[in-house]
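**Q** By this note's numbering, the letter at position 121 of the sequence shown is numbered 128, and the numbering carries on one by one without gaps.
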Amino acid sequence: MKKLMICLLLLVMICSARAETMTVIERLDMRVHLSQTEFAGPQEVEVRIIVYNLSDEDRPGTLALYWPNGKMIEEFGTPTLKAGERLEWTGTWLVTQNQLDAGKVRFGVKYTGVNALGLPVTREGYVAAGIIALDNGEGPTAPVLVMESNPSTGFDWSWEIDHEAVVAVSATYVSDMYFDVPEMVPPVGSGGRTRFQLTGLTPGETTITFAYKRFWREDTPIREVICRVSVDEDLNVTILSSKDNEYPDSMFLPEQ
Numbered sequence: 008m009k010k011l012m013i014c015l016l017l018l019v020m021i022c023s024a025r026a027e028t029m030t031v032i033e034r035l036d037m038r039v040h041l042s043q044t045e046f047a048g049p050q051e052v053e054v055r056i057i058v059y060n061l062s063d064e065d066r067p068g069t070l071a072l073y074w075p076n077g078k079m080i081e082e083f084g085t086p087t088l089k090a091g092e093r094l095e096w097t098g099t100w101l102v103t104q105n106q107l108d109a110g111k112v113r114f115g116v117k118y119t120g121v122n123a124l125g126l127p128v129t130r131e132g133y134v135a136a137g138i139i140a141l142d143n144g145e146g147p148t149a150p151v152l153v154m155e156s157n158p159s160t161g162f163d164w165s166w167e168i169d170h171e172a173v174v175a176v177s178a179t180y181v182s183d184m185y186f187d188v189p190e191m192v193p194p195v196g197s198g199g200r201t202r203f204q205l206t207g208l209t210p211g212e213t214t215i216t217f218a219y220k221r222f223w224r225e226d227t228p229i230r231e232v233i234c235r236v237s238v239d240e241d242l243n244v245t246i247l248s249s250k251d252n253e254y255p256d257s258m259f260l261p262e263q
């Protein structure tokens, strides 16, 4: 019986040690920034990648970055990040038509992590910057309004058109960053932009009211933009005036 109790005690101690090993949490933050996010076509852009070890422990192994074409970024090397260490790399990349069609530029990452047993393992994933392909300019003028937004906060944009037969509004949300890296710290609050394109349907004038609020509550919008627009015989849309409650002294102009 005494031997059985000793065995049970040893088993409990082993399980406790194993449980402590399994609580290892990887705290790696990685961000990609482009010097430009809107493109009329393929174009070279400056890229800045920041990698940050948020843990109070050194990384268990090396980390490497990869170009969108899958080749390793040799200039970055294969560093091992110390506790709290932040590394930054800057280079250039030619944004391709395929990336414009996909709406993002992806950069790969491969690093040494730790599994549930506390053993080193190789993990890989990607972080991508959101990009926008601009209209080629053919056809009637269809202005685009760009407004900051962050759905992760519960807020989002809605709009109302006084005369829906005159103009149509289409909205596209573009995140500042997309990512798929195992156990990586989510980029909380990074947000993005919502692009509203105004397309003429029939000649006339109307008013469009954009509201930024939480839809499950009846709160007053924290931002409201009111635009007066006109549509001519060729269905070109012109913004006649605008009023923004967040920036009351400035006219809200469409993107160039």
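Positions of the beta carbon are idealized from the N, C-alpha and C atoms, including for glycine.
What is the residue span of the beta strand (DSSP E) that Q204 lies within?
**A** 199–207 is the span of the beta strand (DSSP E), which, as asked, contains Q204.
**Q** For V238 and L205, what's the separation of their Cα atoms in angstroms?
**A** Going by the C-alpha atoms only, they are around 10 Å apart.
**Q** From N252 to I229, what distance separates their C-alpha atoms?
**A** Going from the Cα of N252 to the Cα of I229 covers about 9 Å.
**Q** According to DSSP, which residues form a beta bridge with T214?
**A** Partner(s): R235.
**Q** Cα separation between G120 and G91?
**A** So the alpha carbons of these two residues sit roughly 16 Å apart.
**Q** Heavy atom of the ligand HEM less than 7 Å from the Cβ of A47, yes or no?
**A** This structure lacks the ligand HEM, and indeed carries no ligand of any kind.
**Q** In three-state DSSP terms, what is Q50?
**A** Note: Q50 maps to strand in three-state DSSP.
**Q** Comparing alpha-carbon positions, which option in P67, F203, A136 lies nearest A109?
**A** Measuring from the Cα of A109, the nearest candidate turns out to be A136.
**Q** Which one or two residues does DSSP pair with N60 in a beta bridge?
**A** According to DSSP, N60 bridges with L35.
**Q** Just how far apart, CA to CA, sit T129 and V52?
**A** Between T129 and V52, the C-alpha separation is close to 30 Å.
**Q** Would you report the Cα separation of V232 and S249, rounded to the nearest angstrom?
**A** Rounded to whole angstroms, V232 to S249 spans 7 Å at the Cα level.
**Q** Roughly how many angstroms separate the alpha carbons of W96 and R55, rounded to a whole number?
**A** Each residue's Cα considered, the two are about 6 Å apart.
**Q** Could you spell out where the alpha helix (DSSP H) holding D108 opens and where it closes?
**A** 104–109 is the extent of the alpha helix (DSSP H) around D108.
**Q** Specify whether the segment 54–74 and the segment 140–154 touch according to this definition: at least 3 beta carbon pairs, one from each stretch, less than 8 Å apart.
**A** The segment 54–74, when compared against the segment 140–154, does not touch it at the 8 Å Cβ threshold.
**Q** Quick check: what's the CA-CA separation for R221 versus V236?
**A** Cα-Cα distance, rounded: 26 Å.
**Q** Beta-carbon separation of S165 and T201 under 8 Å?
**A** Result no, Cβ atoms of S165 and T201 do not sit closer than 8 Å.
**Q** Counting only the same chain and skipping the five closest in sequence on each side, list residues whose C-beta sits under 6 Å from that of F83.
**A** Only L72, W96 meet the Cβ criterion.
**Q** Nearest to D169 by CA position, among G211, A178, Y180, is which residue?
**A** Nearest C-alpha to D169: G211.
**Q** What are the boundary residues of the beta strand (DSSP E) that S248 is part of?
**A** Per DSSP, S248 belongs to the beta strand (DSSP E) from 244–251.
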